[in-house]
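Residue numbers (numbering that gives the first Met the number 0): 0 to 112. Data block below; observations after.
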Amino acid sequence: MLAIFHDMVEKTMNVFMDDFSGSSFENCLSRLDKMLQWCEDTNLSLNWEKSHFMVKEGIVLGHKISKNGIEVDKAKIDVIAKLPPPTIVKGVWSFLGHAGFYRRFIQDCSKIS
0 MLAIFHDMVE KTMNVFMDDF SGSSFENCLS RLDKMLQWCE DTNLSLNWEK
50 SHFMVKEGIV LGHKISKNGI EVDKAKIDVI AKLPPPTIVK GVWSFLGHAG
100 FYRRFIQDCS KIS
């Protein structure tokens, strides 16, 4: 995949996935057109059921991304909130790992963990 999109990676596409974004609708449309043309030129087929176009928000690497910036994915927080209280040291470390993923959203996280 990286070999096919080498010219677009880091300019219009993220390395870790095949998502792309733009600063305006026209910019996104231009990038989408280029990406679809590239797929056609290289005989790359897409799974249209997994494709989402021109969305205003979405979950990327466990974070909700929108015009408001990066936010917490509420579904992930619900999972953490429902975890049973740890009873052994390994359980404490496991919980801290889960919670640490969202440390940027937790005020004074280093003080309370």
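Using N, Cα and C, we set each Cβ at its ideal position, and we do this for glycine too. It should be emphasised that the depicted structure is a prediction, and the values quoted were computed from it without experimental measurement.
Nearest by alpha-carbon distance to Phe52: which of Ala80, Lys75, Ser20 and Leu43 is it? Out of Ala80, Lys75, Ser20 and Leu43, Ser20 has the C-alpha closest to the C-alpha of Phe52.
How many Å lie between Pro113 and Ser93 at the Cα? The requested residue 113 is not part of the displayed model; the chain covers only 0 to 112.
Helix, strand or coil at Glu39 according to DSSP, with G and I counted as helix: Residue state, collapsed to three classes: helix.
For the stretch 17 to 98, which segments carrying the beta strand (DSSP E) assignment without a break, of at least 3 residues, lie completely within its bounds, in sequence order? For the stretch 17 to 98, whole beta strand (DSSP E) runs of length 3 or above, ordered along the chain, are 57 to 59, 62 to 65 and 68 to 71.
Beta-carbon proximity check, Gly61 vs Asp72, cutoff 8 Å: Taking C-beta atoms as the reference points, Gly61 and Asp72 count as a pair closer than 8 Å.
Output the boundary residues of the alpha helix (DSSP H) element that contains Ile111. Looking at the DSSP string, the run of the alpha helix (DSSP H) that includes Ile111 is Cys108 to Ile111.
Does DSSP put Phe100 in a helix, a strand or coil? DSSP places Phe100 in coil when its eight states are reduced to three.
How big is the Cα-Cα spacing for Asn67 and Gly90? Those two C-alpha atoms are separated by around 34 Å.
Looking at His97 and Ile79, is the spacing between their C-beta atoms short of 8 Å? Yes.
Cut-off 6 Å between Cβ atoms - residues of its own chain near Pro85, not counting five sequence neighbours on either side: Result list for Pro85: Val91 and Phe94, in chain order.
Contact under 8 Å by Cβ, Ser65 with Lys75: One thing to note: Ser65 has its Cβ no nearer than 8 Å to the Cβ of Lys75.
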